[in-house]
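Peer 1: Numbering (my numbering), first residue to last: 50 to 1045. Dropping the structure in here first, questions after.
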């Protein structure tokens, strides 16, 4: 019933919006050619970045007449004469008076102060002045974005806001990252934040968005701020606002950069002699070593005699390249404003057969059809192609004495003569191995807004989000997966459709001068549909057909299809009240109805309340001139979470073979157990905040203290094997999340000569713990969950060094020998068993810090961003039995292994046998690091030069990304630390931005 109602509304809404939007294209030609007759025009730009500054107040001194700059910094104002003085001011920038001196066109550069209290901050379904905020909101401006020429918004967020943690899932181009706002809350449901693009909640991530299109990013962190999004805001909300058009002449802007990439760190590998010594030691331990001639293969003896060693990293890794280009057009009349952009991002990775390309375009159109009716469109079109070939874990497993090519220059599949050491170069050749992923996306919002009265408006949003993805995988016979056997291929399709319809009513009125009342009401409906299909085959008659003609294969190895649908219906009311601009209150209530839950539990109510007191505006502080801002904030609220797969309340069927009459036939069985009692997972959060500003806000600070308690956790409870099922999703358990955040910003000094130095610093410390589990259990070791410990915990044996020769007797009692890994016998029972496993640490950092310093002197500007994550323990995977078990024929990493003459206490002796899970104790490492993420040096062309070429602005820059990393971690990178991941890379780029 709910789905049919929503479909009806969607159909009505889409038809209405399409009819309303029909006249709009007729205005487009006029937009691009429009010129306004003005007395004085100009542009206000940031003195550091050269980017236009919006909402700057341009006031005619002594006359009370004023104007406000558009999003690109342009303005126009009438003046009585050309000897007038214009005063430019905006909170966050230095106040600047400018004499016209006969000029009718100006280019004004404003220097930054610290914080911007008057700027409008997007808070979801509206905006507020920063001074009126009651919740915990962090902002990233267009000027901040311009200093970080990254290709994805995810990369942009790291280190830019307190409480926001971004962790790489790998370093192949196009790979997404994991984003957490104020840590982890849920055990089984999603912990990902909600992304809202131009007011529209989106599914499917934000890798399709070009950072150059972004005007601002706001991050909502506390329950008061996120409750307006109900169940979807439980893990925080990231609001992304793209650049829109403005009234004024057409502006063209190009930004482009090109760079080269190299791995930030490479592993230290054994040379031929070192590897040979390891094999000798393994044989000596077994008592079977006699001579090198009996131990080594002919190619190994030849390598030792000739001093030849192969570092397979030299053959895999190379210099990569990165290209980013964008062209945008903005302008408009008093009726129609438009912003158009097209961008291209291309990466050739530091390893062959790994590349990424993204093509995107954006159209933002705003048209004032009548004095009370506004129509608009925001649309993104993107297409990306990613290739992910090769296995990086195999690079460190091959014998350094092996010969990659034969005498005729052909690759040798088994260069070491060992069936477990295939030549990894085959998988990095696209002729042998191709993993191509294509994705096309259309994300749009068509809206109509009616001013019913001066204080009352209605807005209709119709937002389709369509995504079409296809993966084609081909692996030839000469690949590690097929090991000279038949080639295989597969094709996967993954298509999603999301339709959102929103009705929004806004009321805004000031009563009796002192009382400001605002109200926002929302009715929202969303339908989500995802269809997946897959076909896999083996035995292709012609390998050159790859994955394009699967019907010719000898054997179909797998096939599947799946449909997932869900619907969400929501009601929301938000009330804001302000008295004398000093006492501010916000009340929010939202009701969400989710199809993922069963009847009786579908709807949840999520309220929140927040208070703010602007102490600085109290009369008793007016004489305190050094303090320019002092505000106290308190918020409490509830959010929900149903981010689980659909149909958990209904169960599902799967096909299974069984014997019938002596024949194998197929039937159906229950795939999982239905649970019609599932309810909302709920999080209540308390937040206390203090905002302080000193010396006209040249120095500013914001402190946040919070606690979030999550109950009715949606989690997979393990079931006994006798049930026939492994687990069932239930509402059991609870977690607690506590933290402190500090944000500091300052203009450290400015000089009469034009030298300015400013700093932004953010620090965050977060602790999460499990407070209860199902059935009153204190632990669930299978999932690594323990009451009182972190949600993400490493639970394993504790490494205690290496057994030494003088400990041989004690080692024997535990079944070990000198040179073996020593583990701690924590329960003291004289044996190593599962009872000796312990919580070793957590991959979640104890605290993080991000600091940006900016220095500007005349046309030069320099910025540097440093980020650190401390208290991190990673499971590197580099030493485990499945990847690198330190057995003589597999390992080629150069480590200080134990021998009787070299009693190392870090790495065990070379051995042919395998100690199973005990080997994994070597994997747990300190993953703390400090990284210089970005250094940018820029030069802005002087105004005189710009005028000669008819340009509004021009800037060239040199950028170094990830130039330095300081860590004790010995793997490729502590952030994306896995045994088989591509190394992180440093990038050196040059670029230009030109506006006309």
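Idealized CB from N, CA, C, for every residue including glycine.
Where does residue 740 sit, in a helix, a strand or coil, going by DSSP?
Peer 2: strand
Peer 1: With distances taken from CA atoms, which of 123, 484, 146 and 142 is nearest residue 133?
Peer 2: The residue with the shortest Cα to Cα distance from residue 133 is 146.
Peer 1: Going by DSSP, what residue range makes up the beta strand (DSSP E) through residue 721?
Peer 2: 712 to 721
Peer 1: By how many angstroms is the C-alpha of residue 449 removed from the C-alpha of residue 1069?
Peer 2: Absent from the model: residue 1069. The displayed extent of the chain is 50 to 1045, so no value can be given.
Peer 1: Give every residue of the same chain whose Cβ lies closer than 6 Å to the Cβ of residue 660, excluding the five residues on either side of it in the sequence, and list them in chain order.
Peer 2: 634 and 683
Peer 1: Whose CA, out of 117, 951, 645 and 289, lies closest to the CA of residue 202?
Peer 2: 289
Peer 1: When burial is assigned at 16 or more other CB atoms within 10 Å of the CB, is residue 416 buried or exposed?
Peer 2: buried
Peer 1: Helix or strand or just coil, what does DSSP make of residue 1044?
Peer 2: strand
Peer 1: Distance cutoff 8 Å, beta carbons only. Does residue 337 sit that close to anything in chain B?
Peer 2: The chain labelled as chain B is not found in the depicted structure, where only one protein chain is given.
Peer 1: Measure the CB-CB distance between residue 298 and residue 369 and report whether it falls below 8 Å.
Peer 2: Not closer than 8 Å, so no.
Peer 1: Which one of 503, 471 and 764 has the shortest CA to CA distance from residue 533?
Peer 2: Closest by alpha carbon: 471.
Peer 1: Hey, would you say residue 928 sits closer than 8 Å to residue 971, going by beta carbons?
Peer 2: Yes. Within cutoff.
Peer 1: Going by alpha carbons, who is nearest to residue 754 out of 504, 698 and 740?
Peer 2: 740
Peer 1: Measuring only the C-alpha atoms, how far is residue 71 from residue 412?
Peer 2: At residue 71 the pLDDT is 33, less than 50, meaning the model places this residue with poor confidence and gives no usable figure here.
Peer 1: Nearest to residue 104 by alpha carbon, out of 96, 89 and 122?
Peer 2: 122
Peer 1: To which residues of the same chain is residue 862 closer than 7 Å at the C-beta, ignoring the five residues directly before and after it?
Peer 2: 879
Peer 1: Kindly identify the DSSP beta-bridge partner or partners of residue 425.
Peer 2: 415 and 496
Peer 1: Given a threshold of 16 other Cβ atoms within 10 Å of its Cβ, counted over all protein chains shown, does residue 763 qualify as buried or as exposed?
Peer 2: buried
Peer 1: Using a Cβ distance threshold of 8 Å, determine whether the stretch 519 to 531 contacts the stretch 478 to 486, with at least three qualifying pairs required.
Peer 2: yes
Peer 1: CB residue 687 to CB residue 733, shorter than 8 Å?
Peer 2: yes
Peer 1: For residue 426, I'd like the list of residues in its chain whose CB is within less than 6 Å of its CB, leaving aside the five on either flank, ordered along the chain.
Peer 2: 414 and 495
Peer 1: Can you give the beta carbon distance from residue 265 to residue 156, rounded, assuming they're within the 8 Å contact cut?
Peer 2: Between residue 156 and residue 265 the Cβ distance is about 23 Å, and since that is not below 8 Å, they are no contact.
Peer 1: Per DSSP, which residues does residue 446 bridge with? Please list them.
Peer 2: In DSSP, residue 446 forms no bridge with anything.
Peer 1: So what's residue 542 in DSSP terms, helix, strand or just coil?
Peer 2: strand
Peer 1: Enumerate in chain order the residues of its own chain whose CB-to-CB distance from residue 744 is below 8 Å, with the five nearest sequence positions on each side excluded.
Peer 2: Same-chain partners within the cutoff: 675 and 677.
Peer 1: Using the three-state DSSP reduction, which class does residue 1000 fall into: helix, strand or coil?
Peer 2: coil
Peer 1: For residue 328, report the span of its alpha helix (DSSP H) as first-last.
Peer 2: 321 to 335
Peer 1: Cβ of residue 898 within 8 Å of Cβ of residue 973?
Peer 2: no
Peer 1: Let's test the definition: count the other Cβ atoms within 10 Å of the Cβ of residue 855 and tell me whether it reaches 16, buried, or not, exposed.
Peer 2: exposed
Peer 1: Sorted by chain position, which residues of the same chain lie with C-beta nearer than 6 Å to residue 1006's C-beta, five sequence neighbours on each side aside?
Peer 2: 985, 987 and 1040
Peer 1: Any chance you could list the beta strand (DSSP E) runs of at least 3 consecutive residues sitting entirely within the stretch 865 to 911, in chain order?
Peer 2: 870 to 872, 887 to 890 and 896 to 906
Peer 1: Between 328, 197, 610 and 592, which has its C-alpha nearest residue 40's C-alpha?
Peer 2: Shown here, the chain extends from 50 to 1045; a query on residue 40 therefore has no answer.
Peer 1: Any idea if residue 458 is buried or exposed, counting beta-carbon neighbours within 10 angstroms, 16 or more meaning buried?
Peer 2: Exposure of residue 458 is indicated by the presence of fewer than 16 other C-beta atoms within 10 angstroms of its C-beta.
Peer 1: In this structure, what does DSSP give as the bridge partners for residue 834?
Peer 2: 829
Peer 1: State the CB to CB distance for the pair residue 795 and residue 805, rounded to an integer number of angstroms; the pair is presumed to be in contact (CB under 8 Å).
Peer 2: Not confirmed; about 11 Å, so no contact.
Peer 1: State the Cα-Cα distance for the pair residue 770 and residue 724, rounded to the nearest angstrom.
Peer 2: Residue 770 and residue 724: Cα-Cα distance of roughly 19 Å.
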